Amino acid sequence: MSIPVLTIDGPSGAGKGTVSRLLAKKLGWHYLDSGSIYRSLAIALIKQAVDLNNVIEIVKVAQAMVLEFECGDDLIVKLNGENISAQLGLENIGNTASIIAAQPEVRRVLLQKQQDFRQLPGLVADGRDMGTVVFPDAEYKVFLTASSSTRATRRYKQLKEKGIDANLIGLTKEIEERDRRDSERATAPLSMASGALFIDSSDMTIDAVIDDVLNTFLKDFILAQH
Ligand code: DC
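The structure is reproduced here in structure tokens:
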């Protein structure tokens, strides 16, 4: 029997993380935040002062890094034994992750680390290429997006709530630049997998997005659990 996978791909800030975590909890499935793997590599490279143009060195660091994930209410990630959770969400880490993610050799090394998350009873996987490259045979696929201004405003609010100074115009520019880089790269660009459910969350609540996914794909599964 193949292990069920629900893939949720889309641009940054579309709500994939929150939606995926809540869906994994409701279904009792494992959760893969694939962006955090690219972000962890970005942190490792910055710590080791690796030149981001040196693909051979980047690949060596990617092969050597040991990652541990603890998925409770908050995701805890340890890189070579050190808790790096607090640094994962920083804007410069996301941007560095997006730059190194454009390298096909880097994606190849990280592929198996992501596929290893596919374990019983099932997996919710969030990223850019979950339904197209990492789990092409997934039974359930979603493409979750929102307008760039909505995504920038959400990010702005999140940063303000954390007491971090932010600039809405700057954030919108960064989001659009990251969308362009992630969508135009030659290897595994952000794109909608064929047969995926398309959801634009610009004017939707998180609960409405979750209901949409469950009603489309997993109604029977949830009913059977109760
Ligand atoms: O989802 P995120 O913002 O944490 O991802 C950070 C960057 O990592 C994103 O801009 C591109 C890259 N990434 C990727 O190329 N493929 C994935 N499956 C997930 C993330």
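Sequential numbering of the sequence shown, starting at 178, is according to the numbering used here.
Every residue gets a Cβ at the ideal spot worked out from N, C-alpha and C, and that includes glycine.
Since we're looking at a predicted model, the values are computed, not measured.
Exercise for the section: Would you be able to state if there are at least three C-beta pairs under 8 Å between the stretch 255-272 and the stretch 302-311? Expected result: As far as the Cβ criterion goes, the stretch 302-311 does not touch the stretch 255-272, which means the pair count is below three.
Handout entry: Candidates G347, E268, L391 and V283, of which the one nearest K318 by Cα
Key = Checked all of G347, E268, L391 and V283; the closest Cα to K318 is L391.
Handout entry: the stretch 211-228 in contact with the stretch 362-369 per 3-pair CB rule at 8 Å
Key = Cβ pair count under 8 Å is below three, so no.
Problem - Run of the beta strand (DSSP E) containing L288, from where it starts to where it stops - result: Segment P281 to Q292 is the alpha helix (DSSP H) holding L288; no beta strand (DSSP E) there.
Handout entry: Proximity test, R332 beta-carbon vs the ligand DC heavy atom, cut-off 7 Å
Key = No, Cβ of R332 sits at least 7 Å from all heavy atoms of the ligand DC.
Problem - the stretch 372-379 contacting the stretch 289-296, beta-carbon criterion three pairs below 8 Å - result: No contact exists between the stretch 372-379 and the stretch 289-296.
Practice task
Using beta-carbon positions only, say whether A329 and I270 come within less than 8 Å of one another.
Solution key: Not a contact, by the Cβ cut-off of 8 Å.
Handout entry: D293: CB within 7 Å of a non-hydrogen atom of the ligand DC
Key = D293: no, Cβ never under 7 Å from the ligand DC.
Exercise for the section: Can you have a look at I277 and say buried or exposed, based on whether 16 or more other CB atoms are within 10 angstroms of its CB? Expected result: I277 should be labelled buried.
Handout entry: Coil, strand or helix - L204 by DSSP
Key = In the structure shown, L204 sits in a helix (DSSP, three-state: H, G or I).
Exercise for the section: Run through the stretch 194-246 for me and flag every whole beta strand (DSSP E) of 3 or more residues, listed as ranges in chain order. Expected result: Listed in chain order, they are 207-210.
Practice task
Write down the C-beta distance between A370 and D186 rounded to the nearest angstrom, noting that I regard them as a contact closer than 8 Å.
Solution key: 7 Å between Cβ atoms; contact.
Handout entry: Coarse secondary structure for I352, derived from DSSP in three states
Key = In this structure, I352 counts as helix in the three-state DSSP scheme.
Exercise for the section: Within its chain, find whatever has a CB closer than 6 Å to the CB of T393; leave out the 5 residues flanking it on each side and keep chain order. Expected result: Answer for T393: L374, listed in chain order.
Exercise for the section: Figure out for me which residue from I383, I387 and Q335 has the closest Cα to the Cα of G266. Expected result: If you compare the alpha carbons of I383, I387 and Q335 with that of G266, the shortest gap goes to Q335.
Practice task
With hydrogens ignored, establish whether the beta-carbon of G340 is closer than 7 Å to any heavy atom of the ligand DC.
Solution key: Here the distance from the Cβ of G340 to the nearest heavy atom of the ligand DC is not below 7 Å.
Practice task
Would you mind working out which of T322, E282 and D356 sits nearest V238, comparing C-alpha positions?
Solution key: Comparing Cα-Cα distances from V238 to each of T322, E282 and D356, the minimum goes to E282.
Exercise for the section: Determine the burial state of D359: buried for a count of at least 16 other Cβ atoms within 10 Å of its Cβ, exposed for fewer. Expected result: By the neighbour-count rule (16 or more Cβ atoms within 10 Å), D359 is buried.
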